[in-house]
DNA sequence: CTGCCGTGTGACAACGTTGTCAGGGTCTAG
DNA sequence: CTAGACCCTGACAACGTTGTCACACGGCAG
């Protein structure tokens with residue numbers, strides 16, 4: 001900036017005025033400074049500028065998701081990015097991989113970087129640590145999992161409802177022995193899906209067989225194994241509900257290995273690209289990822305703009321997408337057929 | 339910081355020393371300052387710190403990909419993130435959506451933010467504009483598409499080889515009428531894949547039917563349409579090569595609609611999650627996304643560390659992943675069979 | 001001619017931090 | 001007892017920018 005001022009023969013302040021398009025600079029000077037800026041490839045130092053300006057924004061928001069490479073996280077991030085772009089804000093993204101410690105250290109880092117806002121898909125059970133972090137006034141919005149131990153905006157899917165929709169759908173088709181595959185039950189989303197699974201049964205007077213409900217499954221391979229084990233039971237399930245898309249792929253594989261893809265019904269939570277190309281197409285409970293992302297973005301920027309109403313907790317309703325795999329009727333006997 | 343100094347009864351500089359874990363502070367004072375820091379929730383202002391330090395890094399890298407929500411971009415980003423994390427660096431991510439203008443403005447913004455490095459999956463044809471941007475010394479690494487008009491490191495997949503692998507595979511199975519579905523030919527990746535498609539044919543003395551080679555297809559629906567049109571020809575293709583995964587899903591859909599999934603061979607460029615669950619499993623040319631991301635990360639940080647050797651251009655070899663859809667033999671007559 | 005106003009410009013301090021250097025205290029060797 | 005060395009600590013300037021304020025100039029009314 002000093003060089004620009006020297007080259008244009010003006011003071012630092014005048015360069016600042018031109019760069020910031022402030023009024024009150026004669027066209028002549030404005031032109032001279034502009035030329036000098038271009039000639040020297042001058043770029044204002046945003047850090048210094050923010051330092052000086054009172055209450056300036058960094059134009060940066062932090063987004064902490066479970067895993068940038070999974071389609072749910074990536075979809076939410078993408079929708080958020082679009083909102084951020086319209087607010088001339090850049091996005092700092094990171095994966096938490098369900099690691100509590102990483103969540104805390106990332107939040108700390110981002111707050112230290114003075115991001116204007118924070119979006120968190122939490123890995124931790126409780127976020128008490130956030131109370132201190134957010135004392136600086138950084139707004140935070142939770143997504144996918146509600147906050148515990150700290151009061152903040154959130155956008156979550158109604159996991160209970162989603163599971164119930166799926167199970168009711170299967171019950172309507174006559175299924176009575178429905179297997180449930182779930183993630184770690186201490187994760188709120190998994191917990192609610194298990195609850196929805198159970199509630200749908202009991203509401204209809206059906207008692208779910210506890211042997212058919214398996215939780216703590218965290219990989220596709222484990223899911224394949226579990227499904228094989230369930231199908232080996234003397235009274236195997238006639239339908240399967242997968243509580244997460246990666247568990248659904250394990251289930252699909254197990255069914256395929258036994259030639260049962262058209263014999264055992266399957267419904268999954270979470271849609272994914274190309275689920276409709278499977279044969280039969282995979283019936284899923286879909287979360288509207290981009291709507292979730294947009295909602296989160298909108299709420300975050302309202303807070304950044306100074307909105308100070310009490311935290312809002314938006315619950316997005318998932319929908320059942322019928323594609324075939326979930327519409328296989330109960331087959332009372334002779335499941336081995338092709 | 340001033341408050342901390344006052345509370346601890348020391349000078350600003352001493353607080354600075356404690357915060358930065360500099361040597362030469364008595365344990366007593368260190369402890370007092372530490373307590374004050376905790377009590378006041380003090381956080382150093384990174385911007386100010388960077389401003390003062392000579393040649394300090396921002397601990398920030400910019401990553402510009404095609405679309406954060408597609409699995410290739412997301413996978414590369416994720417692998418990059420892991421490298422960045424090990425270097426205590428955060429990642430600023432953005433989607434370009436093949437928009438040239440956005441590429442330029444994002445690069446400009448990121449350079450102004452003083453990122454330590456830049457990763458670009460270019461949307462533009464030429465990147466001459468970068469010469470001026472990079473004069474500040476910000477290193478850049480290109481991924482997926484090589485740089486034009488500016489000399490910089492790059493990591494790209496051998497698209498020519500990938501397409502050739504696929505076509506040779508199909509030719510080996512006796513196919514002679516192979517359809518090719520491609521993206522816009524002015525995009526270098528598409529261009530090379532078309533070239534590989536053609537070269538594989540001519541190397542084997544087969545003349546590809548120009549009517550079977552369609553480029554400029556940019557959506558799944560368009561691909562479906564095109565495949566239907568090709569299958570309506572008097573002499574339809576016995577195999578299809580999809581030059582991109584989104585085109586593959588269009589092709590799968592068209593084949594499914596005609597009950598030809600087990601009759602017409604299909605090989606696609608780009609793997610995607612759950613491609614193995616299709617029936618038959620989709621045979622693809624796979625790019626090792628996480629290796630690409632890691633390589634890019636490694637190269638970028640070498641530059642950030644001051645490496646000044648001439649730019650390197652790494653070409654990653656793709657591999658053919660056989661899953662069934664590509665191994666359907668040529669069926670000389672009566673393709674309509676189920 | 002004087003005084004006032006508006007316009008364009010610049011000097012200076014300040015944002016929050018750290019590098020430099022100097023000073024005061026304690027310790028050790030001569 | 002003194003000189004030198006060493007250890008801690010603090011004063012001060014500087015990083016690149018912008019807010020505040022003052023000043024110089026030309027024009028205009030009295």
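Residue numbers (the working numbering), protein chains in the order written: chain A, 1 to 338; chain B, 339 to 676.
Positions of the beta carbon are idealized from the N, C-alpha and C atoms, including for glycine.
Collapsed DSSP secondary structure at residue i in the structure displayed
| i | result |
| --- | --- |
| residue 184/A | coil |
| residue 266/A | strand |
| residue 370/B | helix |
| residue 662/B | strand |
| residue 335/A | Confidence in residue 335/A is poor, its pLDDT being 45 and thus under 50, which makes the residue's placement unreliable; the coordinate value appears in the next sentence. Residue 335/A: coil per DSSP, three-state reduction. |
| residue 619/B | strand |
| residue 534/B | helix |
| residue 206/A | coil |
| residue 132/A | helix |
| residue 248/A | helix |
| residue 70/A | coil |
| residue 356/B | helix |
| residue 387/B | helix |
| residue 299/A | helix |
| residue 610/B | coil |
| residue 506/B | helix |
| residue 341/B | helix |
| residue 125/A | coil |
| residue 599/B | coil |
| residue 424/B | helix |
| residue 231/A | helix |
| residue 361/B | coil |
| residue 109/A | helix |
| residue 418/B | helix |
| residue 452/B | coil |
| residue 441/B | helix |
| residue 559/B | helix |
For residue i, the residue or residues it bridges with in DSSP
| i | result |
| --- | --- |
| residue 153/A | 141/A |
| residue 91/A | 61/A, 431/B |
| residue 458/B | 402/B, 480/B |
| residue 624/B | 657/B |
| residue 240/A | 179/A, 266/A |
| residue 651/B | 492/B |
| residue 552/B | 519/B |
Rounded distance between the beta-carbons of residue j and residue i, thought under 8 Å
| i | j | result |
| --- | --- | --- |
| residue 373/A | residue 248/A | Here chain A covers residues 1 to 338 and nothing more, so residue 373/A does not appear. |
| residue 128/A | residue 315/A | The Cβ separation is near 23 Å, so there is no contact. |
| residue 399/B | residue 445/B | About 13 Å; that fails the 8 Å criterion. |
| residue 76/A | residue 289/A | 6 Å |
| residue 183/A | residue 145/A | Not really, about 12 Å apart at Cβ, beyond 8 Å. |
| residue 212/A | residue 178/A | 7 Å |
| residue 620/B | residue 661/B | 6 Å |
| residue 286/A | residue 174/A | Not confirmed; about 24 Å, so no contact. |
Contact set between the segment 274–298 of chain A and chain B, restricted to residues whose Cβ is under 9 Å from the partner
So the list reads 274, 275, 276, 277, 278, 279, 282, 289, 290, given in the order they occur along the chain.
Relative to chain B, which residues along the segment 104–125 of chain A have a C-beta separation below 9 Å, given in chain order?
Residues 106, 108, 109, 110, 111, 112, 113, 114.
Please list the residues of the segment 147–174 of chain A that have a C-beta atom closer than 9 Å to any C-beta atom in chain B, keeping them in chain order.
Within the segment 147–174 of chain A, no residue has a Cβ that lies closer than 9 Å to any Cβ of chain B.
Segment contact, 8 Å Cβ cut-off, at least three pairs: the segment 191–205 of chain A with the segment 160–169 of chain A:
Taking a contact to require three or more Cβ pairs closer than 8 Å, the segment 191–205 of chain A and the segment 160–169 of chain A qualify as touching.
Can at least three beta-carbon pairs, one atom from the segment 19–27 of chain A and one from the segment 50–59 of chain A, be found at a separation below 8 Å?
Of all C-beta pairs linking the segment 19–27 of chain A to the segment 50–59 of chain A, fewer than three are shorter than 8 Å, placing the two stretches out of contact.
Does the structure place the segment 401–419 of chain B close enough to the segment 464–478 of chain B that three or more beta carbon pairs sit under 8 Å?
For the pair of segments examined, the segment 464–478 of chain B was found not to touch the segment 401–419 of chain B: the number of CB pairs separated by less than 8 Å stays below three.
Short-range partners of chain A found in the segment 386–397 of chain B, where Cβ spacing is below 7 Å
386, 388, 389: these are the residues of the segment 386–397 of chain B whose beta carbon lies less than 7 Å from some beta carbon of chain A, given in chain order.
How do the segment 108–118 of chain A and the segment 442–458 of chain B stand: do at least 3 beta-carbon pairs fall below 8 Å, yes or no?
Flag = no, the segment 108–118 of chain A and the segment 442–458 of chain B do not touch.
Any residues in the segment 579–609 of chain B with a beta carbon nearer than 8 Å to a beta carbon of chain A? Which ones, in chain order?
Answer set for the segment 579–609 of chain B: 587, 590, 591, 594, 599.
Going along the chain, which residues of the segment 357–388 of chain B sit with their C-beta nearer than 8 Å to a C-beta in chain A?
Listed by position, the residues of the segment 357–388 of chain B near chain A (Cβ gap below 8 Å) are 379, 381, 382, 383, 384, 385, 386, 388.
If you measure beta-carbon to beta-carbon, which residues of the segment 402–413 of chain B are closer than 9 Å to chain A?
Those residues of the segment 402–413 of chain B that come within reach of chain A (Cβ to Cβ, closer than 9 Å) are 405, 406, 407, 408, 409, 411, 412, 413.
Within the chosen definition, does the segment 214–224 of chain A reach the segment 248–261 of chain A through at least 3 CB pairs nearer than 8 Å?
When C-beta atoms of the segment 214–224 of chain A are compared with those of the segment 248–261 of chain A, three or more pairs fall below 8 Å, so the two segments count as touching.
Using 8 Å as the cut-off, can you tell me whether the segment 304–318 of chain A makes contact with the segment 353–360 of chain B, which would need three or more C-beta pairs spanning the two stretches below that distance?
Fewer than three beta-carbon pairs drawn from the segment 304–318 of chain A and the segment 353–360 of chain B are found closer than 8 Å, and the two stretches are therefore not classed as touching.
Between the segment 654–671 of chain B and chain A, which residues of the former have CB atoms less than 9 Å from a CB of the latter, in chain order?
Along the segment 654–671 of chain B, there is no position whose C-beta sits under 9 Å from a C-beta of chain A.
Touch test, the segment 67–74 of chain A against the segment 31–44 of chain A, Cβ-Cβ under 8 Å, three pairs minimum
Contact between the segment 67–74 of chain A and the segment 31–44 of chain A is absent, because fewer than three Cβ pairs lie under 8 Å.
Output needed in chain order: residues of the segment 212–226 of chain A with a Cβ under 7 Å from some Cβ in chain B.
Correct list: empty, as no residue qualifies.
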